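Protein chains in written order, with the numbering used here: chain A, 237 to 581; chain B, 237 to 581; chain C, 237 to 581; chain D, 237 to 581. The C-beta atom is built at its ideal place from N, Cα and C for all residues, glycine as well. Remember, it's a predicted structure, so these values are computed and weren't measured experimentally.
Number of protein chains: 4
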Amino acid sequence: MHSIAIMGGSGYTGVELMRLIAGHPGLELTAVSSSQFEGQPVSSVFGALEGGIDLEFVPHDAAALAGAADLVFLAVPHKAAMAATPDILKTGARLVDLSADFRIRDQATYEKWYAPHSAPELLAEAVYGLPEIYRDEIAGAKLVANPGCYVTSVLLALMPLLKAGLISPSGLIADSASGVSGAGRSAKLPLIHGEVHENFRPYGVDGHRHTPEMEQELSLAAGQEVKLTFTPHLLPMDRGILSTIYAQPAGEAGEAAVRACWQKAFGAEPFVRILPSGRLPETKQVRGTNRVQLSVATDPRSGLLKIFAALDNLTKGASGQALQNANLMLGLEETAGLTELALTP
Amino acid sequence: MHSIAIMGGSGYTGVELMRLIAGHPGLELTAVSSSQFEGQPVSSVFGALEGGIDLEFVPHDAAALAGAADLVFLAVPHKAAMAATPDILKTGARLVDLSADFRIRDQATYEKWYAPHSAPELLAEAVYGLPEIYRDEIAGAKLVANPGCYVTSVLLALMPLLKAGLISPSGLIADSASGVSGAGRSAKLPLIHGEVHENFRPYGVDGHRHTPEMEQELSLAAGQEVKLTFTPHLLPMDRGILSTIYAQPAGEAGEAAVRACWQKAFGAEPFVRILPSGRLPETKQVRGTNRVQLSVATDPRSGLLKIFAALDNLTKGASGQALQNANLMLGLEETAGLTELALTP
Amino acid sequence: MHSIAIMGGSGYTGVELMRLIAGHPGLELTAVSSSQFEGQPVSSVFGALEGGIDLEFVPHDAAALAGAADLVFLAVPHKAAMAATPDILKTGARLVDLSADFRIRDQATYEKWYAPHSAPELLAEAVYGLPEIYRDEIAGAKLVANPGCYVTSVLLALMPLLKAGLISPSGLIADSASGVSGAGRSAKLPLIHGEVHENFRPYGVDGHRHTPEMEQELSLAAGQEVKLTFTPHLLPMDRGILSTIYAQPAGEAGEAAVRACWQKAFGAEPFVRILPSGRLPETKQVRGTNRVQLSVATDPRSGLLKIFAALDNLTKGASGQALQNANLMLGLEETAGLTELALTP
Amino acid sequence: MHSIAIMGGSGYTGVELMRLIAGHPGLELTAVSSSQFEGQPVSSVFGALEGGIDLEFVPHDAAALAGAADLVFLAVPHKAAMAATPDILKTGARLVDLSADFRIRDQATYEKWYAPHSAPELLAEAVYGLPEIYRDEIAGAKLVANPGCYVTSVLLALMPLLKAGLISPSGLIADSASGVSGAGRSAKLPLIHGEVHENFRPYGVDGHRHTPEMEQELSLAAGQEVKLTFTPHLLPMDRGILSTIYAQPAGEAGEAAVRACWQKAFGAEPFVRILPSGRLPETKQVRGTNRVQLSVATDPRSGLLKIFAALDNLTKGASGQALQNANLMLGLEETAGLTELALTP
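In structure tokens:
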């Protein structure tokens with residue numbers, strides 16, 4: 237059994253980590269911190285975890301958390317994450333950071349979109365935690381930067397296609413929608429039921445922070461700079477992301493070529509489901525799982541490729557992927573603790 | 237008081253028409269037909285209408301319905317609508333058809349997307365029922381073809397811009413999402429709660445029937461053929477459409493030019509709300525109303541215009557617009573019976 | 237036109253009042269206050285009201301608000317309401333208080349459940365604002381205490397039956413459920429979508445503040461002290477209350493006697509719908525309306541009467557009833573501004 | 237590995253069984269039947285099961301299904317279940333029937349509520365599948381009748397209290413609400429999203445078929461005939477049942493005595509969570525799990541006990557409990573395949 241600590245256990249990514257760890261055969265959660273709920277039993281805050289996680293929330297103390305753990309998950313907001321990272325790494329513990337702090341390789345780009353970086357010396361060391369692309373690097377990493385939720389849906393759909401030259405790197409548009417849990421578990425007016433329910437709306441339309449992260453990885457895949465037009469929307473539901481992506485095919489590439497390329501890249505991947513022609517992703521089919529569903533159709537009028545990717549923003553889009561990374565880092569079966577299927581309905 | 241009949245009152249557009257007519261100061265519903273519920277009181281099928289509509293459903297008999305009415309709403313499916321239309325017009329009654337049967341001016345195009353046309357001689361006479369564009373023609377029309385729900389959101393957003401040459405007529409993409417009432421009130425497995433709730437999915441991705449209707453009107457506005465890439469999605473909610481449209485600005489045209497153009501076209505329109513910079517449409521704010529909300533943002537990376545339009549698929553997207561057309565045809569105040577504001581929440 | 241002011245316009249009862257006043261033919265809203273949104277246009281906070289209410293929120297100043305109004309709605313929390321009431325009445329303005337401050341006639345009872353009362357001298361003067369029971373007193377009142385949302389559903393169902401001696405005043409149980417808008421528009425963790433959606437739970441089970449208000453009025457109707465067992469539940473929806481009430485019939489009284497009693501009491505009431513045998517209330521059929529639906533069934537095993545009442549907690553349960561009271565106080569048609577039917581779906 | 241067959245795999249209980257079996261370490265699904273989807277891959281009907289269940293639906297052939305299985309789950313409607321049962325038992329396979337056909341021990345009672353019984357000779361042999369009460373009998377049974385969803389919530393809450401004489405067997409009222417998946421996966425108008433969403437309503441108020449099943453077991457526990465007043469309601473959500481039960485305490489018994497009694501009866505039970513004083517069940521905390529949450533409060537005015545039980549109607553209320561029974565019958569760990577925790581949110 238490997239011992240695990242979570243710094244920041246009161247948000248939705250924190251509780252999702254705990255849920256998954258409770259069902260993992262090779263991990264034991266030894267400590268979880270929260271400033272808001274310090275001293276309270278986890279199960280009094282999250283009734284669903286009763287009997288699964290028998291701990292009390294402890295204060296945020298990076299060194300103490302890391303001292304008792306083989307691996308630490310950072311589920312605190314950006315800035316808090318980079319502040320804690322050096323102390324954690326000093327203890328020798330491995331670290332998966334769910335915040336954005338180590339996702340952007342270029343310090344200036346990070347600082348333009350987020351804030352001054354307090355540990356830039358670690359940027360080069362951090363490995364981008366998308367196992368389907370960077371599996372080997374993740375296995376040997378000390379510090380893994382877990383990708384954003386929207387980002388994962390777009391990168392898995394597009395990176396193999398850009399690498400293979402099947403789509404044009406210019407003119408890419410990602411029109412995405414997310415369930416509201418992506419905005420976290422906090423008492424904010426726009427998140428209350430009356431504002432979300434039976435409503436659908438775009439937001440962040442002139443620059444969402446996931447854009448530079450997507451562009452960084454897409455550019456690496458394309459071997460040239462990629463600019464992405466990205467529009468997020470808020471769905472009246474708890475969980476799920478669907479990205480509908482518009483891409484210009486390169487040359488004669490069509491649906492079949494796209495599926496063949498995905499098949500080559502992901503055919504052996506446990507969590508990537510390439511849907512057959514005519515089937516389209518549905519967020520409910522991946523809800524609560526670490527899966528991503530991919531599909532593609534050619535628009536008969538414009539010839540554009542319509543590429544679809546669905547995942548659960550809290551699982552493959554956050555905590556499930558973090559656990560997948562941890563499994564790799566600890567030498568465990570990559571799918572351990574991540575094999576649940578979605579509920580129907 | 238003008239007398240009104242509805243052919244096809246058992247679907248969601250039928251009941252929405254009845255709701256609006258019940259609150260209209262100058263209209264009286266004299267008959268409503270349904271094959272499914274023939275002989276039953278309307279209020280036993282639609283409890284919400286109790287006390288508002290005190291009629292029983294009668295059989296589908298076009299001539300009989302029209303004989304007792306100044307104006308008939310056709311809320312039956314396509315094919316049934318064109319079958320009934322000649323009989324209704326013969327009585328001298330005006331007619332607003334909510335089906336697709338008279339929306340497409342070109343018979344061959346209609347027949348490619350739908351079915352053989354049984355009354356093609358009426359296609360030239362039918363007026364496309366988008367009052368903000370065709371107000372004068374509607375006022376004098378015998379037969380008005382009420383636009384599709386997705387269509388209305390896209391046309392109101394784009395037609396003035398294409399007419400003014402502010403956006404390129406090529407490369408237009410409309411990424412739209414609709415509440416499930418757009419699929420009607422029928423006992424179909426994909427419509428049951430367990431399949432819709434907490435789910436989001438694309439559909440009709442290789443050709444939705446609203447495409448030719450959008451292209452017809454966009455081409456007229458642009459003065460040249462327009463091809464549109466259109467992707468509909470199904471939302472886990474009852475009512476509401478949001479269209480997010482990607483357009484290449486022509487020359488230096490930016491957000492301000494778009495807003496100015498809309499202002500010129502729609503500044504006096506009672507049902508078009510042009511949102512100020514920074515505010516984006518929300519379906520809940522127009523729910524149950526005849527309003528459409530428009531807004532626009534420039535993508536800072538690609539320079540593409542992101543154009544947003546929200547409406548209620550059953551009101552401005554169907555029955556509300558049909559009533560707006562009827563008001564014009566009958567010489568009534570255009571806004572009569574259509575002034576309700578959306579509930580919050 | 238009568239001029240109206242609202243003190244406390246930023247909550248859901250406030251915005252519901254504004255929505256209804258915007259559609260009222262005889263009322264004009266002259267001022268609305270909010271400490272949170274002072275100085276902001278109403279339509280920037282509530283997009284749905286754009287074009288309907290063209291005001292900016294002003295500070296809470298009871299005298300100033302009342303000075304410019306024939307009638308003031310108090311939509312502030314209890315305590316704030318009683319603090320403002322004397323200043324408002326001094327100006328000569330009529331007042332409808334949506335808080336609990338003047339609902340309980342007995343000061344000690346009020347203070348046991350709420351807080352020390354700062355204006356007890358007004359308790360005797362206040363009229364309980366249930367028009368179906370106290371219509372005449374309301375018409376002449378200076379100060380009307382608008383009933384609670386759960387309360388209205390229970391009182392309309394039971395008061396005529398208790399007066400007529402058709403049910404036993406002992407052993408009454410009201411099992412009620414409400415949409416989450418009943419908890420107000422505030423940024424609290426238990427109200428966010430992730431906590432409410434796809435969840436159903438009881439709360440306040442050892443004493444909800446609506447209990448003494450129900451017992452007061454039920455006791456008046458029964459002519460003896462009535463104790464009520466009341467259990468509220470939270471529904472995963474925005475609007476709607478359903479109360480399922482268990483009562484012991486007196487003697488041989490059955491369903492027919494209950495319906496006849498309601499018919500006698502409410503047959504001419506514009507907002508009470510007595511459903512025929514076999515039809516049961518549905519919250520969606522009264523959503524956004526001022527209606528209450530009543531029905532009854534006899535349990536074949538126990539002989540208990542099951543009595544059902546449905547209403548919209550924000551309309552007949554709060555702001556709609558407040559407007560109904562205002563209509564009576566101002567000598568207007570009682571149904572003015574309150575005739576909308578519920579959306580289907 | 238034990239081989240399992242499911243007769244009736246196209247409904248929600250069928251797909252829930254498949255989901256759970258896919259994650260079970262000791263069971264292998266060898267065949268699943270459906271008349272509606274015969275010949276189609278399971279994963280084309282239930283996308284969520286892709287990769288978990290790699291079978292095609294076969295025709296309903298009881299003997300063939302049973303011939304290849306150690307145990308058969310019957311997830312077909314009543315009548316179809318009793319028709320298939322003798323053929324299955326003849327093969328020597330064990331059987332868990334999720335229908336009502338063998339739940340009622342008294343043939344006349346069954347036939348009064350359901351239909352003529354075609355295999356009454358098996359009624360005496362069938363064991364009622366509530367493991368917390370009948371664990372030993374289930375382990376040795378050939379034929380287990382899996383309890384109804386509402387029933388499980390009421391029986392687990394009340395049976396120990398009645399056995400211990402802590403509550404009066406007369407005057408019991410169960411006011412229950414269920415998510416809509418309890419009505420099955422079928423194309424019926426009352427189940428479509430537009431009819432269910434944002435709606436709450438009672439149904440079956442003058443006699444729901446779960447009543448005789450509850451009364452049978454409650455009477456056994458009480459040692460005398462128990463009559464129950466039961467009112468089901470439909471919730472606007474997919475999954476979850478909450479029962480709020482009103483009971484007269486016997487003598488001085490209060491909350492603490494109830495909790496102690498439950499603790500004695502269920503303290504070692506893996507799936508029964510007795511909540512501490514002040515915490516109340518929430519359906520979301522048990523969603524998708526085999527758990528039931530229990531709590532109790534004393535009404536301070538009437539002295540009545542308010543007893544609360546929450547479970548997932550498809551898991552502990554149907555397929556999860558069926559799997560728990562199968563585990564017992566096959567000599568497996570009772571919790572095998574049933575340890576998942578609920579998602580938050």
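Between residue i and chain A, is the shortest Cβ-Cβ distance under 8 Å, so that the two count as touching?
i              : result
residue 331(C) : no
residue 367(D) : no
residue 436(D) : no
residue 467(B) : yes
Should residue i be flagged as near chain B, meaning a C-beta pair shorter than 8 Å?
i              : result
residue 442(A) : yes
residue 276(C) : no
residue 545(C) : no
Any C-beta of chain C sitting closer than 8 Å to the C-beta of residue i?
i              : result
residue 411(A) : no
If we define contact as Cβ-Cβ less than 8 Å, is residue i a contact residue for chain D?
i              : result
residue 433(B) : yes
residue 439(C) : yes
residue 334(A) : no
residue 570(A) : no
residue 576(A) : yes
residue 322(A) : no
residue 463(C) : yes
residue 587(A) : Outside the shown range of chain A, which is 237 to 581, sits residue 587(A), and nothing can be said about it.
residue 581(C) : yes
Determine the chain F residues that contact residue i at a beta-carbon separation under 7 Å, and present them in chain order.
i              : result
residue 326(D) : Structure shown: chain F not included; protein chains present are A, B, C and D.
Residue i lies in the alpha helix (DSSP H); which residues open and close that run?
i              : result
residue 335(C) : Per DSSP, residue 335(C) belongs to no alpha helix (DSSP H) and is neither H nor E.
residue 372(B) : 367 to 375
residue 389(A) : 385 to 399
residue 577(A) : Careful: residue 577(A) lies outside any alpha helix (DSSP H) and carries neither H nor E.
residue 237(B) : Counting along the chain, residue 237(B) falls outside any alpha helix (DSSP H), and DSSP gives it neither H nor E.
Which whole-angstrom value is the C-beta distance of residue i and residue j, which I expect to be below 8 Å?
i              : j              : result
residue 494(B) : residue 402(B) : 6 Å
residue 569(A) : residue 546(A) : The Cβ separation is near 25 Å, so there is no contact.
residue 521(A) : residue 284(D) : 4 Å
residue 552(A) : residue 527(A) : 6 Å
Residue i lies in the beta strand (DSSP E); which residues open and close that run?
i              : result
residue 470(C) : 464 to 470
residue 504(A) : Unbroken run through residue 504(A): none, as it is neither H nor E.
Practice task
Output, in sequence order along the chain, the residues in the segment 417 to 431 of chain C whose CB is closer than 7 Å to any CB in chain A.
Solution key: 417, 421, 423, 424, 425, 427, 428, 429, 430
Problem - Contiguous alpha helix (DSSP H) assignments of at least 4 residues, all confined to the segment 508 to 575 of chain B - result: Along the length of the segment 508 to 575 of chain B, whole alpha helix (DSSP H) runs at least 4 residues long occupy 556 to 565, reported in chain order.
Problem - Interfacial residues, the segment 471 to 482 of chain C to chain B, with Cβ spacing under 9 Å - result: 474, 475
Problem - Those runs of the beta strand (DSSP E) which lie wholly inside the segment 425 to 459 of chain B and span at least 3 residues - result: none
Problem - Against chain C: residues of the segment 242 to 271 of chain A by CB proximity under 8 Å - result: 248
Exercise for the section: Could you name the residues of the segment 509 to 543 of chain B whose beta carbon sits closer than 7 Å to any beta carbon of chain C, in the order they occur along the chain? Expected result: 509, 518, 521, 524
Exercise for the section: Name, going along the chain, the residues of the segment 280 to 303 of chain D whose beta-carbon falls closer than 9 Å to a beta-carbon of chain A. Expected result: 280, 282, 283, 284, 285, 286, 287, 288, 289
Problem - Whole runs of the alpha helix (DSSP H) within the segment 267 to 317 of chain D, excluding any shorter than 4 residues - result: You should have 278 to 281, 298 to 303.
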